[in-house]
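Numbering (our numbering), first residue to last: 217 to 457.
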């Protein structure tokens with residue numbers, strides 16, 4: 217199904233990149249390796265990847281800068297690799313637009329599963345996520361609330377008629393909120409229905425909500441659309457009251 221999908225593996229450890237690339241190829245992907253940031257950016261210029269596996273701690277130009285530069289060129293899913301288990305490092309990766317992260321040491325098989333999950337989420341209609349209400353797949357037309365509009369089929373979102381630049385997860389999160397106006401969604405539910413994960417680091421949800429607010433709220437410091445329900449989760453209020 218993903219025979220034509222191309223993954224760029226960026227890691228300065230040749231053993232790690234060789235093993236990861238090998239597992240990806242055996243799983244039906246094409247894979248290209250880059251040992252550092254500049255090489256990764258040149259490789260992406262030659263052939264834009266369907267996904268990037270990106271080490272956070274690269275020599276010279278670190279993974280965060282590489283991720284920002286890739287994001288400035290166009291949308292691309294990113295799975296970040298980090299040797300640190302510190303939550304702040306993981307959040308940094310998510311802040312610059314990583315869709316998922318894996319902490320070293322990791323199982324190459326698990327990494328391939330994460331890659332497949334991220335690409336699968338990007339390829340299917342957002343309403344088809346596990347746990348979505350019956351009929352969500354059929355409701356694939358544009359969604360509108362207030363000054364926001366999202367078209368799941370075209371994966372295009374607008375605010376006041378102007379296109380929003382959203383990452384894969386930010387778009388899916390916005391679609392989820394638009395489909396559930398007025399409902400309180402806890403982070404576990406969002407992780408399950410937007411990410412398709414039964415468990416995981418809930419800070420992933422927190423960071424993506426903050427990033428989405430920065431793009432859809434008039435004043436992200438005083439959010440009116442995506443409101444925090446303390447001790448519970450978030451509620452999307454299309455009236456912004």
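Glycine included, every Cβ here is placed at the ideal spot set by N, Cα and C.
- Annotated as proximal: residue 239 and residue 328, with beta-carbon spacing under 8 Å.
- A buried status is given to residue 383, since no fewer than 16 other beta-carbon atoms sit within 10 Å of its beta-carbon.
- For residue 296, the secondary structure class from DSSP, reduced to helix, strand or coil, is strand.
- In the three-state DSSP reduction, residue 245 falls in the coil class, being neither helix nor strand.
- Judged by DSSP in its simplified three-state form, residue 437 adopts coil rather than helix or strand.
- When 402, 452 and 268 are compared, the shortest CA-CA separation from residue 290 is found for 268.
- Here residue 260 is buried. Its C-beta has 16 or more other C-beta atoms within 10 Å.
- Taking C-beta separations shorter than 8 Å and ignoring five residues to either side along the sequence, the partners of residue 280 in its chain run 272, 308, 309 and 312, following chain order.
- Annotation note: the region 362-408 contains the following uninterrupted beta strand (DSSP E) runs of length 3 or greater, listed N- to C-terminal: 364-367, 372-375 and 400-402.
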